[in-house]
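Novice: Under numbering that gives the first Met the number 0, residues 0 to 106 are what the sequence shown spells out, in order. The structure that follows is given in the form of structure tokens.
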Amino acid sequence: MATPQPDFLTFLTEELASIGDITSHRFFGGWQLRSEDVQFAIVMKGTLFFKVEGALQEELEATGSRPFSYTKSGEQVSVKKYMTAPEDALDDLDLLRNWTRRVIAAL
Numbered sequence: 000m001a002t003p004q005p006d007f008l009t010f011l012t013e014e015l016a017s018i019g020d021i022t023s024h025r026f027f028g029g030w031q032l033r034s035e036d037v038q039f040a041i042v043m044k045g046t047l048f049f050k051v052e053g054a055l056q057e058e059l060e061a062t063g064s065r066p067f068s069y070t071k072s073g074e075q076v077s078v079k080k081y082m083t084a085p086e087d088a089l090d091d092l093d094l095l096r097n098w099t100r101r102v103i104a105a106l
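Okay, here's the thing in structure tokens:
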């Protein structure tokens, strides 16, 4: 039986649809978001993480974004190629779409 999408994931795919064909698929313990078959984000435990590197990663860090992290063998592991979406982007759909376009363009 397929696992139903969480409401937050449904919200994201619907609100980002104007950017292009946005699809979601299971990804380890969460979900991945794809555009044109390119993964650009993950959703883990209700949090959106953009897939970034370089200057865009630094720009997200400057907004207060945090890297995806998990615990392995009692140690905290950070994965900096996945950074949280800026808090204000989740309250401003135009800003969310703008960040999403920038992330996709950089991949």
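Backbone N, C-alpha and C fix where the C-beta goes; we use that ideal spot for every residue, glycine too. It should be emphasised that the depicted structure is a prediction, and the values quoted were computed from it without experimental measurement.
(1) Restricting to Cα atoms, I'd like to know which of D36, L8, K44 and L32 is closest to K50.
(2) Does the beta-carbon of V102 have 16 or more other beta-carbons within 10 angstroms, so that it is buried, or is it exposed?
(3) Out of S72, K71, G73 and D87, which one is the CA nearest neighbour of S64?
(4) For S17 and T62, what's the separation of their Cα atoms in angstroms?
(5) Do you know how far the Cα of L11 is from the Cα of K44?
(6) Return the chain-ordered ranges of every alpha helix (DSSP H) run that is complete within the stretch 8–69 and spans a minimum of 4 residues.
(7) For K79, which residues does DSSP report across the bridge?
(8) Out of E52, D6 and V37, which one is the CA nearest neighbour of M82?
(9) Between Q56 and the rest of its own chain, which residues show a CB-CB distance below 8 Å, the 5 nearest in sequence each way excluded?
(10) Which residue from V42, E14 and L89 puts its Cα closest to that of F27?
Specialist: Reading off the structure:
(1) L32
(2) buried
(3) Per the Cα distances, D87.
(4) 25 Å
(5) 14 Å
(6) 53–61
(7) DSSP lists no partner for K79.
(8) E52
(9) Answer for Q56: K79, K80 and M82, listed in chain order.
(10) V42
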